[in-house]
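**Q** Sharing a structure here in structure tokens format.
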Amino acid sequence: MADELTNLIADLKETEALELVEKRLSAGGNPLDILAAARGGLEIVGKRFAANEYFIPDLVYSGEILRQVVKIVEPKLKGGHEMKRIGKVVFGTVAGDIHDIGKDIVVFMLDINGFEVHDLGIDIPAQAFVDKIKETGAPIVGLSGFLTLAFDAMKETIKAIEAAGLRDKVKIMIGGGQIDEEIRKYTGADAFGKDAIEAVKLAKQFLR
Amino acid sequence: MSEQKPWQKMTAEERLESRLRNFLNPKNANFESPEAQANYQGRVNRLIDAIQLKKKPDRIPVYPLLTFLPAHLAGITYKDAMYDYGKTMEAWRKYVYEYEPDAYAGPFLAISGKLLDIIQYKMYRWPGRGVSERAPYQCVEGEYMKAEEYDDLINDPSDFFLRIYLPRIIGGFAGFQKLRPFSEIIEITSLAQNLIYLGMPEVQETLETLIVAGKEAMAWLMELLSFEVEVRNRGFVSGAGGMSGAPFDVLGDTLRGTQAVMMDMYRRPEKILQAVERLVPIMIRRGVKGANATGNPMITLPLHKGADNFMSDAQFQKFYWPTLKKVILGLIEEGCIPMPFAEGSYNRRLQYLAELPAGKTAWFFDQTDMVKAKEVIGDRVCMIGNVPSSLMISAEPRKVEEYCQVLIDKVGKGGGFIMANGTALDEAKPENLRAMIEYTKKNGKYSQK
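So the protein lines, in turn, are chains A and B. Under the working numbering, the residue at position 153 of the first sequence is numbered 153, and the numbers go up by one with no gaps. Basically the working numbering = 1-based index in the second sequence + 1000.
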């Protein structure tokens, strides 16, 4: 049987979930356990999203609930509370494009699923991706883009990664409104994903 | 002479007929030649026949969707297209005359960068102003309307826009934060007290800015108008007589922002419902105004947040569809032809579209399964679409033609179809654009039995 807090978050009961967090903390509950239970709720949210039971608003809302849980719990934490990370990902919206809603959702889902995500932000030049890959040694790169100009920006970013001698050290996934298999081939990426769940699936495959 | 029935007394059908008569025979039209007039009317009829589902047109019409594509084809930057009106109009002329689409997307979507500069528009970044000169303008999302301001919007939208919202998103309106609601100007006795705010330095600065902005808006619209008149006189038809949209998108795109409106769906659902309801007449009026001004009844409604993945069916049914449907029906009531653009995919929304009266709307589909949609709603709505951007930009023309052939066979069957690409293009291979247009013209003919 899942924890009550896990279930409340999975069912997107914001008020009840936050009340329970407060109650557990004041009863001397372990903050790390509370966080683990909250993350468990997010895992269920992710599964429901993958099963088309939940949609983007639900996903975003669950992230907002978690953010508040962390805010309440954080002051009680002594030292690190970081979960164990399973792999590094460098992520960003490519040059010329300033869209971040899709990117933020993917970054959030990767984070929840245990990845250490280095989110560069929006309108990111190719060189910044190269530099970050070198700095972190991340084996996975995610390129996001909503506009059609992102097709060429992605292609150029991947070329720059290649020119830096890093292409065989990283797996590259792309995504965004108009991205499909045609564009995966065009850009030279390893894979493309239609949504955040696919991005997590791809990232996990890349680690194998 | 037959007596013209007053507009208020006309039925929706009579209003539509009246608008279509004017559309087909525009007042003050000065066609270059009888051939140009025949081409113009041929194109209008082709579009209207496809939309009304009463009879098959002579062939499938082609309507390429685009924003900056003509600038790209003409080799000018998007910055040029927003700042150098002469170059902009030249690029669009060249596009229309070279490619001869049945309906064209006009240069109004290029937007005047000069006007944005004067007015200090903050909600967007545009070429040379926050994004590269080769990138299109893009929205900067934000909570421009705060959660506690729902009632301000609902109680008095105009006042909320004038004194709160516009000053926030447009630097040139900043001084209007100092105003009091104009509805307070009630009696002669307190007139000076009411108007004193107009004397404040910040307000005066705003008024001065707006005078300059008004002149620039006028200059840009004159350019647009002379373009529209010229291409019409040469036989071409604009695909959009006006714009409207879904009330939920107004709230979610530019007022509350995506993130905030999604939270609101849980935290203050009743406020969303009141707000979208309040926006219905505003969105109907917006479309009708456009149709009245241009004489073209085809109203584009770009739809964003109702797509398959953006909300659940229950959320769509509660927050999105009821007021979108009211806007669509309201436009139909006024004799307009609503043409919603369903960005993303609408595979799970098709049953709602089937609620609409037959032959009154035309839907642009981006990534919706066209063949399935034809089965579900083909007898109710005209379908427009959907050659993928990826093919238009990166594939060989042969692939575009293959895609068009499938659409012609499966979706064009029996009429009710307009060939288009899936979403508005800033760029494409010229040979692919040509392939979509020419292939359809050649292979999209209907046998008239």
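We put the CB at the ideal spot given by N, CA and C, even for glycine. Every value quoted in this text rests on a predicted model; they were computed, and no experiment measured them.
Does any C-beta atom of chain A lie closer than 8 Å to the C-beta of B/A1395?
**A** Closer than 8 Å to some Cβ of chain A, the Cβ of B/A1395 qualifies, so yes.
**Q** Tell whether a beta-carbon distance below 8 Å holds between B/P1408 and B/I1060.
**A** Strictly speaking, residue 1408 of chain B in this sequence is Ile, with Pro absent from that position. For B/I1408 and B/I1060, yes; Cβs fall inside 8 Å.
**Q** With a cut-off of 8 Å, does the C-beta of A/D253 fall near any C-beta of chain B?
**A** It is not possible to answer for residue 253 of chain A, since the shown part of chain A is limited to 1 through 208.
**Q** Thinking C-alpha only, which one of B/N1022, B/P1026 and B/K1055 is nearest B/G1412?
**A** Answer by Cα proximity: B/K1055.
**Q** Could you check what DSSP says for B/M1001 in three-state terms: helix, strand or coil?
**A** Here B/M1001 scores only 45 on pLDDT, less than 50, and its place in the model should not be relied on; the value that follows carries that caveat. The answer is coil: DSSP assigns B/M1001 none of H, G, I, E or B.
**Q** Relative to the alpha-carbon of B/M1222, which residue among B/E1396, B/P1430 and B/S1112 has its alpha-carbon at the smallest distance?
**A** Taking only the C-alpha atoms, the option nearest B/M1222 is B/S1112.
**Q** Going along the chain, which residues of its own chain have a beta-carbon closer than 6 Å to the beta-carbon of B/D1159, five neighbours each way excluded?
**A** So the qualifying residues of the chain are P1181.
**Q** With a threshold of 8 Å between beta carbons, is B/P1181 in contact with chain A?
**A** It does not: the Cβ of B/P1181 has no partner Cβ on chain A nearer than 8 Å.
**Q** For A/T148, go through chain B and note every residue whose CB falls closer than 7 Å to its CB, in chain order.
**A** Those are S1389, I1393, L1425, D1426 and E1427, listed as they occur along chain B.
**Q** In chain A, what lies closer than 7 Å to B/S1132 by C-beta?
**A** Result: G96.
**Q** Report the rounded CA-to-CA distance for B/K1114 versus B/R1125, giving the unit in angstroms.
**A** Answer to the nearest angstrom: the Cα atoms are 13 Å apart.
**Q** Give me the Cα-Cα distance between B/P1026 and B/G1295, rounded to the nearest whole angstrom.
**A** For B/P1026 and B/G1295, the distance between alpha carbons rounds to 7 Å.
**Q** Closer than 8 Å is the cut-off here; do at least three beta carbon pairs connect the region 1203-1220 of chain B with the region 1230-1239 of chain B?
**A** Touching, no, given that fewer than three Cβ pairs across the two stretches are closer than 8 Å.
**Q** By the criterion of Cβ-Cβ separation under 7 Å, what are the contact partners of A/P57 in chain B?
**A** Those are M1262, M1265, M1311 and Q1315, listed as they occur along chain B.
**Q** Quick check on A/K194: does DSSP put it in helix, strand or coil?
**A** A/K194 falls in the coil class under three-state DSSP.
**Q** Thinking C-beta only, is B/H1304 closer than 8 Å to B/E1277?
**A** Going by C-beta atoms, B/E1277 is not nearer than 8 Å to B/H1304.
**Q** Please specify which runs of the beta strand (DSSP E), each continuous and at least 3 residues long, are wholly inside the region 1387-1411 of chain B, giving them in chain order.
**A** Fully enclosed beta strand (DSSP E) runs of 3 or longer: not present.
**Q** Can you list the residues of chain A that B/E1141 reaches, using a CB-CB cut of under 8 Å?
**A** Within 8 Å Cβ-Cβ: D100 and I101.
**Q** With a CB to CB cut of under 6 Å and the five nearest residues on each side skipped, what residues in its chain are close to A/V141?
**A** For A/V141, where only same-chain residues beyond five positions count, the Cβ hits under 6 Å are V90, V170 and I172.
**Q** For the beta strand (DSSP E) containing B/V1276, name the first residue and the last one.
**A** Element bounds for B/V1276: not the beta strand (DSSP E) but the alpha helix (DSSP H), P1269 to T1294.
**Q** Decide if the region 1126-1133 of chain B is in contact with the region 1244-1263 of chain B; the criterion is three or more beta carbon pairs, one per stretch, under 8 Å apart.
**A** Verdict: no, contact absent.
**Q** If you measure between the beta carbons of A/A138 and A/G145, is that distance less than 8 Å?
**A** No, these two residues do not count as a Cβ contact at 8 Å.
**Q** Considering only the beta carbon of each residue, do A/D58 and A/V45 sit closer than 8 Å?
**A** Taking 8 Å as the Cβ cut-off, A/D58 and A/V45 qualify as a contacting pair.
**Q** Threshold first: 3 residues or longer. Then list the beta strand (DSSP E) segments lying entirely within the region 1060-1127 of chain B, N to C.
**A** The qualifying runs are 1124-1127.
**Q** When Cβ atoms are compared, which residues of the region 1338-1353 of chain B fall closer than 9 Å to chain A?
**A** Those residues of the region 1338-1353 of chain B that come within reach of chain A (Cβ to Cβ, closer than 9 Å) are E1343, G1344 and R1348.
**Q** Measure the alpha-carbon distance for B/R1019 versus B/G1444 and round it to whole angstroms.
**A** In a straight line, the C-alpha of B/R1019 is about 28 Å away from that of B/G1444.
**Q** Kindly say whether A/L12, judged by its beta-carbon, lies nearer than 8 Å to any beta-carbon of chain B.
**A** Yes, A/L12 lies at the interface with chain B (some Cβ there is under 8 Å from its Cβ).
**Q** Under a Cβ-count criterion, where at least 16 other Cβ atoms within 10 Å of its own Cβ denotes burial, should B/L1324 be classed as buried or exposed?
**A** Per the 10 Å Cβ criterion, buried.
**Q** Reducing DSSP to helix, strand and coil, say where B/P1340 ends up.
**A** B/P1340: strand per DSSP, three-state reduction.
**Q** At which residues does the alpha helix (DSSP H) containing A/K159 begin and terminate?
**A** Run containing A/K159: L149 to A163, per the alpha helix (DSSP H) assignment.
**Q** Could you give the DSSP three-state label for A/G52: helix, strand or coil?
**A** The sequence given here has Asn at residue 52 of chain A, not Gly. Coil.
**Q** In chain B, which residues lie with their C-beta within 7 Å of the C-beta of A/I72?
**A** Under the 7 Å cutoff, chain B gives no residues; its nearest Cβ is about 18 Å from A/I72.
**Q** For B/V1062, collect the residues of the same chain with a Cβ closer than 6 Å to its Cβ; drop the 5 residues on either side in sequence, then sort them by chain order.
**A** For B/V1062, where only same-chain residues beyond five positions count, the Cβ hits under 6 Å are P1101, D1102, M1419, I1437 and T1440.
**Q** Per DSSP, B/A1420 forms a beta bridge with which residues?
**A** In the DSSP output, where bridge partners are listed per residue, B/A1420 has B/N1386.
**Q** Consult DSSP for B/Q1351 and reduce its assignment to one of helix, strand or coil.
**A** Helix, per DSSP.
**Q** Under 8 Å between C-beta atoms, does B/I1196 make it to chain A?
**A** So no, B/I1196 is outside the interface.
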